[in-house]
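The structure appears below as structure tokens.
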Amino acid sequence: MTAAAIAACGDDFDQLARDAVYRAMFTRRDVRSHFVPDDLDDCVLARLLTAAHHAPSVGYMQPWNFIVIRDAERRRQVRDLFLAAREQELPAIEAERQALYRKLKLEGICESALNLCITCDRRRSKDSPLGRWHNPEMDLYSTVCAVQNFWLAARAEGVGVGWVSIIETEALKRLLAIPEHVTPIAYLCVGRVSEFAPKPDLEAHGWGKRLPLPELVMSETFCGAGEAPLKSAIARLGGS
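For the sequence shown, my numbering gives the first residue as 43, with consecutive numbering after it.
In structure tokens form, the structure reads like this:
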């Protein structure tokens, strides 16, 4: 949809539109094991990338780039990087959880229709300190907003996304010929899926659970008590 078409719809969301936005948020999943061997149409991918490109960015720096990775051999090489990184991570896992960790499906690099590496070009706004003078990492955070836009748009399109974070950054940069001044932010597995799980995989497998939101809401200062009516309103919605 073009910007003109969006503007023509007006500024207000009706209830159906609001429900759709929240549904995309609450049913978004980090997909690992439900990819199907279907191609992803370029028109769909174009819409997802357009959504990512319209993410908020501090100073309007738009520091992102999108590396589309389709080649099977290159993806196998990325998976090798993942497997090596997982073995390096394992000793840091609590001993009683290592068996569960080994059983978890943590990537769909070769099973998904394509991979996407979203990067942050840290030189793109070098001539403008707007929004970055005191917080120079805001370009990184802006790129994460692009990842979230892509992810939510994908959920609305029925496309699964899995974020593979267990990869050694410098090894990935060498494999994808990413310049020194560019930082890879997210390595994503993208494709059609057989289903979106009712719960996040790590919750379903007992790795963790969602924290109660009222316990995370503070008033005025960190750990400040208060906001009882707000916390009650959150609890009425389910509390998480």
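Glycine residues also receive a C-beta, built at the ideal position from the N, C-alpha and C atoms.
What three-state label does DSSP hand residue 91 in the structure shown? In the structure shown, the three-state DSSP call for residue 91 is helix.
Where the alpha helix (DSSP H) through residue 68 begins and ends: Run containing residue 68: 57-69, per the alpha helix (DSSP H) assignment.
Under 8 angstroms Cβ to Cβ from residue 119, same chain only, skipping five residues before and after it: list those, please. If we look at residue 119 and ignore the five residues flanking it on each side, its Cβ neighbours are 217.
From residue 159 to residue 111, what does the alpha carbon distance come to, in whole angstroms? Rounded to the nearest angstrom, the two C-alpha atoms are 8 angstroms apart.
Same chain, Cβ closer than 7 angstroms to residue 261, neighbours up to 5 away in sequence not counted: For residue 261, where only same-chain residues beyond five positions count, the Cβ hits under 7 angstroms are 267, 268, 269.
Between which two residues does the alpha helix (DSSP H) carrying residue 271 extend? DSSP places residue 271 inside the alpha helix (DSSP H), whose first and last residues are 270-279.
Which residue's Cα is closest to the Cα of residue 100: 70, 186, 156, 115? When each option's Cα is compared against that of residue 100, the closest is 186.
Indicate the three-state DSSP secondary structure (helix, strand or coil) for residue 133 in the structure shown. Under the three-state reduction of DSSP, residue 133 is assigned to helix.
By how many angstroms is the C-alpha of residue 123 removed from the C-alpha of residue 277? Computed Cα separation, rounded: 43 angstroms.
Residue range of the unbroken alpha helix (DSSP H) whose run includes residue 194: For residue 194, the enclosing alpha helix (DSSP H) covers residues 180-198.
Spatial neighbours of residue 172 within its chain, please: CB distance less than 7 angstroms, with the 5 preceding and 5 following residues excluded, ordered by chain position. 101.
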